[in-house]
Amino acid sequence: MSDGQVKRGQWSSRLLFILAATGSAVGLGNIWKFPYIAGENGGGAFVLIYLICICLVGIPVMMAEIMLGRRGQKNPIESMKALALESNRSSAWQFIGWLGVAAGFIVLCFYSVVAGWALAYVPRVASGMFEGATGEFARESLSALWASSESLLAWHTIFMVMTCVVVARGVNAGLEKAVQILMPGLFTLMLILLGYSYSTGYFSAGIDFLFKPNFEALFNGGHFGEAVLTALGHAFFTLSLSMGSMMVYGSYLPKDVSITKATFVIAGVDTLIALMAGMVIFPIVFANGLSPEAGPGLLFKTIPLAFGHMNYGSFFGFLFFVLVVFAAWSSSISMIEPVVSWLTENTKLTRVYATTMIGVIVWILGLACLLSFNLWSGEEYQFFGKTFFDLADYVTSKIMLPLGGLLIAYFAVWSMSKSAIRSELGLSQGAFEFWRVVTKYITIYLVVLVFVNSLCGGMSFNVWMISSALIVAGLLLTRAFYPRRA
Ligand code: PHE
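Structural data, given as C-alpha cells:
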C-alpha cells in the first residue's frame, strides 16, 4: 500500500485485507493474554462469557468499525469527522478517533515490552537451555529475565525499531506477504504443540479446565463482575477494536468486498488461535504442577517446557517464538498506523518523521512498563495499587476499549442513515435488520451493563436494574432529541 499522503492506498485484494486484518487481530492477545486471564478467572465459565462477548459485542462492533473506515475513507479521526458531517451530527464524534489513537498508543507501550520477552525467548529456547527442564527452572528463568532491566530494555528497543521500520515504509506488500506465511506457520506449530500436550497425560484435565463452565467458582470468588469486564475488554483487545486499527484498515478496503464475510473469517481465526493456545498451555500447567493463575508469565513458564521435552524441541521452540514475535509485530504495526496516517494526512510531517516521533514517545513510556517488573515494582511506584504495566492494561482494556466500542456501535446505528450502512455492509434486508437490532440493543446494553457493574463493584439485582434503567432512558432521550435518518 502506498503512502496515504499522495494517493490513498488500497489493499490489492480481498484476501490481502483479510490477511492484514487477521495479522492485526492475532497476536499476543491470543497466545499470551487469553490463556493467562482464562487461568486467573477459573477457566470454563470465563471462556464461555468471553465467547458470548465475541459473538454479541465483538463481531457487531467489528462490522461497524470496518464499515465506518471504508465509508470515511480517511484516518480514524478525519473519517469520524467526515461521517458526522455527512450525517448532520456534531463534529465532536471525532472523539472516537482520538480515543482510539490514544488507546493504541498506551497499549503499544506494554505490548512492545511483552513482545520483547518473546524476542528474548527466541535465542533462549534455541540454545537448548530448556532441555529436560522442570517447572521450577522455567519459573526461575523467567524471573531472571524480568529482573534484568537492561535485557528488557534491549528487547523492547529492538521490537520498537522493527515496528517503526515497517510503518515508516508504509503498510506494504511486504507485510501482506509475511502474514500469508505466518498464519499457516503459526497454525502448524500450534498443532505440533497440541500433539505434545496430548502426550502429557493431562490433556483432558486441561480441556475440562478450559471448557467446563464452573460458575460457582466465579460467583463465590466474588469477582464475577470483574471477570465479565475482563472478558468484554479482551474481546475488544483481541479483535483489535476501538483503536482505529480496523477503521484505518477498512479505509483501504475496496468497495466490492463484503465486510460481513471478512469479519466472520477474522473473528473465527482469532478465536480458534486463542482456544488452541489455551488447549496447549493448560495440560502443560497441570502436568508440571504449575498454577493456572500464574499471571502474565504463564506462556513463558509453560511453552518452553513443552519444547524442552520433545524431539527437535530447540528447533521447534525457536520457530514458535519467531512466529509469536511475527504475530505481535503485525499487530503492533496496526496500532500505530492510525496515528501515523493522521499525522501524514494532516500535518506536513513525512511518514518517516511521524513514525520516528511516535516510536520514540512509545519507547519512553514503554520504559515505565518494563521497570514495573523490577526497579519500579515496589508500592511507592504504584498507582491505585497497580504497577504502571498493570495500569496501562487496565485503563485500555477495561475502560477505553469498551467505551470506544460503545460509541462506535452507537454512532453506527443511531447516527448514520440506514441506507448508507446497508450499502456498505452489503447485507440482505433480513440480515441487515438482524445486525442492527443486535448492535442497537444487545451490544449497547451489554457494554453499559458491564460498565455500571464494574462501577458498582459487583453484580446484583440492583445493578441489573440501574443499567436497564440507564439504557431505557438513553434510548428514550435518543429518540426524542436525536431524529433517525432513513
Ligand atoms: N489484537 C491484537 C492481539 O490480540 C492486539 C491489538 C489491539 C492490535 C489493537 C491492534 C490494535 O494481540
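Under the working numbering, the residues of the sequence shown are numbered 952 to 1437, in order.
C-beta: ideal position from N, C-alpha, C; glycine also.
None of these values were measured; they are calculated from a predicted model.
Worksheet item: What's the gap between the Cα of Leu1007 and the Cα of Val1398?
Response: 10 Å
Worksheet item: Would you call the CB atoms of Lys1163 and Gly990 closer than 8 Å?
Response: no
Practice prompt. Could you spell out where the alpha helix (DSSP H) holding Glu1330 opens and where it closes?
Written response: Counting along the chain, Glu1330 falls outside any alpha helix (DSSP H), and DSSP gives it neither H nor E.
Discussion item. Between Met1141 and ligand 1, is there a pair consisting of the residue's CB and a ligand heavy atom that are separated by less than 7 Å?
Written reply: no
Discussion item. Tell me which residues share the same chain as Ala1424 and place their Cβ nearer than 8 Å to its Cβ, disregarding the 5 neighbours each side in the sequence.
Written reply: none
Discussion item. Could you give the first and the last residue of the continuous alpha helix (DSSP H) run that contains Gly1264?
Written reply: 1264-1297
Fill in: Exposed unless 16 or more other CB atoms sit within 10 angstroms - verdict on Ser1202
buried
Discussion item. What I want to know is whether the C-beta of Asn992 ends up closer than 7 Å to one or more non-hydrogen atoms of ligand 1.
Written reply: no
Practice prompt. State yes or no: is the C-beta of Val1058 nearer than 7 Å to some heavy atom of ligand 2?
Written response: Absence of ligand 2 is noted for the structure shown, with ligand 1 being the only ligands found.
Worksheet item: Sorted by chain position, which residues of the same chain lie with C-beta nearer than 7 Å to Ile1143's C-beta, five sequence neighbours on each side aside?
Response: Phe1267
Worksheet entry | Contiguous beta strand (DSSP E) assignments of at least 3 residues, all confined to the region 1133-1182 | none
Worksheet entry | Own chain, CB closer than 7 Å to Phe1110, minus 5 neighbours either side, in chain order | Ser1063, Ala1066, Gly1067, Leu1070
Practice prompt. Report yes if the C-beta distance between Asn1026 and Ser1196 is below 8 Å; otherwise report no.
Written response: no
Discussion item. Going residue by residue through the region 1183-1233, where are the continuous beta strand (DSSP E) segments of at least 3 residues, counting only ones entirely within it?
Written reply: none
Practice prompt. Return the CA-CA distance between Ala1035 and Ser1193, expressed in angstroms with no decimal places.
Written response: 17 Å
Worksheet item: For Gly1377, which option in Ser1328, Val1179, Ser1405, Ser1209 has the closest C-alpha, if you only look at C-alpha atoms?
Response: Ser1209
Discussion item. Is any non-hydrogen atom of ligand 1 found closer than 7 Å to the C-beta of Ala1168, if you look at the structure I gave you?
Written reply: no
Worksheet item: For the alpha helix (DSSP H) that Cys1320 lies in, which residues bound it at each end?
Response: 1302-1322
Worksheet entry | Ala1420 versus Ala1238 - alpha carbon distance | 48 Å
Item to complete: Report all residues from its chain with a CB closer than 6 Å to the CB of Cys1115; omit the five preceding and five following residues, and keep chain order.
Response: Thr1306, Gly1310
Worksheet item: Can you find at least 3 beta carbon pairs, one from the region 1327-1340 and one from the region 971-990, that sit closer than 8 Å?
Response: no
Fill in: Burial state of Asp1221 (16 or more Cβ within 10 Å)
buried
Practice prompt. Please find out if some non-hydrogen atom of ligand 1 comes closer than 7 Å to the beta-carbon of Asn1026.
Written response: no
Practice prompt. Please determine, among Ala1077, Phe968, Ala972, the residue with the shortest C-alpha to C-alpha distance to Tyr1263.
Written response: Ala1077
Practice prompt. May I ask whether a heavy atom of ligand 1 can be found less than 7 Å away from the beta carbon of Ala1186?
Written response: no
Practice prompt. Could you tell me whether any non-hydrogen atom of ligand 1 is closer than 7 Å to the CB of Ser1196?
Written response: yes
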